[in-house]
Amino acid sequence: MVACDELELIEGFLDAEDCGRFLDYFLHRHEWPDNRYAFAGRQFVLPRLQTWHADAGIRYSYSNNLLVTRPWTDTLSAIRRKVENRLAYRFNSVLVNHYRNGDDFVGWHADNEPELGESPLIASLSLGAVRPLAFQRKSNMEAGQLLLPSGSLLLMRPPFQSHWQHSVPRDQRIGTARINLTFRNVCRALAAPVQ
Numbered sequence: 001m002v003a004c005d006e007l008e009l010i011e012g013f014l015d016a017e018d019c020g021r022f023l024d025y026f027l028h029r030h031e032w033p034d035n036r037y038a039f040a041g042r043q044f045v046l047p048r049l050q051t052w053h054a055d056a057g058i059r060y061s062y063s064n065n066l067l068v069t070r071p072w073t074d075t076l077s078a079i080r081r082k083v084e085n086r087l088a089y090r091f092n093s094v095l096v097n098h099y100r101n102g103d104d105f106v107g108w109h110a111d112n113e114p115e116l117g118e119s120p121l122i123a124s125l126s127l128g129a130v131r132p133l134a135f136q137r138k139s140n141m142e143a144g145q146l147l148l149p150s151g152s153l154l155l156m157r158p159p160f161q162s163h164w165q166h167s168v169p170r171d172q173r174i175g176t177a178r179i180n181l182t183f184r185n186v187c188r189a190l191a192a193p194v195q
């Protein structure tokens with residue numbers, strides 16, 4: 001396994017009480033839309049649930065799939081303030097993923113869409129089940145993995161997205177849910193135009 005200097009894990013970013021409270025919110029009160037989407041004229045089922053929240057005027061797409069922008073909830077705003085205060089960095093959007101169990105996953109990808117700029121900083125907060133983040137270098141496929149415990153905050157610093165891909169692999173041994181919030185800063189000048 002290889003190490004990656006652009007990844008920094010802050011364990012215990014949230015204490016057990018906050019982890020439990022926020023996890024309960026996302027599992028029982030957060031509104032999750034249907035996980036089917038269209039790409040290139042075909043219908044697919046996303047292997048997890050997700051919502052996209054952003055400041056007014058921010059739109060974002062990946063794999064040419066424009067995400068429906070929702071407003072910040074009070075809970076998401078409170079978490080954003082905690083993350084921003086710790087990092088002294090401003091984020092204008094968050095992608096919230098619900099991995100219902102180990103059958104839910106995200107495949108190999110880099111968060112390198114033009115709307116994120118050339119050198120994005122992404123902060124990834126984990127709640128619930130411990131899942132690994134797998135990563136591999138694009139140039140030679142050397143690989144590593146990092147376990148993400150509940151309450152941890154992972155920083156993916158520049159130029160991670162330029163040189164590496166990452167995934168949360170399927171693991172059928174995991175029977176409980178994980179919530180992941182990835183905070184991003186979408187460049188307004190490059191954001192998808194409002195229709």
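Mapping of the sequence shown onto UniProt numbering: position 123 corresponds to residue 123, and the numbering continues sequentially without gaps. Yeah, the Cβ is synthetic: ideal placement off N, Cα and C, and Gly gets one too. These numbers come from a predicted model, not from an experiment.
- Under the three-pair Cβ rule at 8 Å, the region 155-163 does not count as touching the region 73-86.
- Pairwise C-beta distances place the region 15-28 in contact with the region 140-153, as three or more of them are shorter than 8 Å.
- Taking 7 Å as the cut-off, the beta carbon of I174 is found closer than this to the beta carbon of G102.
- Counting C-beta pairs with one atom in each stretch, the region 132-147 and the region 78-90 have fewer than three that are closer than 8 Å, which means they do not touch.
- Shown here for Y25: same chain residues with a beta carbon closer than 6 Å to its own, the five before and five after excluded, namely T75 in chain order.
- Contact between the region 130-137 and the region 161-172 is present, with at least three C-beta pairs closer than 8 Å.
- When the five nearest sequence neighbours on each side are left out, the beta carbons in the same chain lying within less than 6 Å of the beta carbon of P47 are those of D104, F105, in order along the chain.
- Around the beta carbon of R81, a 10 Å sphere encloses fewer than 16 other beta carbons of the protein chains shown; the residue is thus reported as exposed.
- Beta-bridge partners of L155 (DSSP): E8, A123.
- In terms of Cβ geometry, L147 and V130 form a close pair [threshold 7 Å].
- Distance between R184 and Y37, taken at the CA atoms: about 22 Å.
- The residue from D15, V2, E6 with its alpha-carbon nearest to that of S126 is D15.
- Residue state for V83 is assigned as helix, using DSSP reduced to three classes.
- For F26, the enclosing alpha helix (DSSP H) has its first and last residue at 16-28.
- In this model, T182 and V96 are separated by some 7 Å (Cα to Cα).
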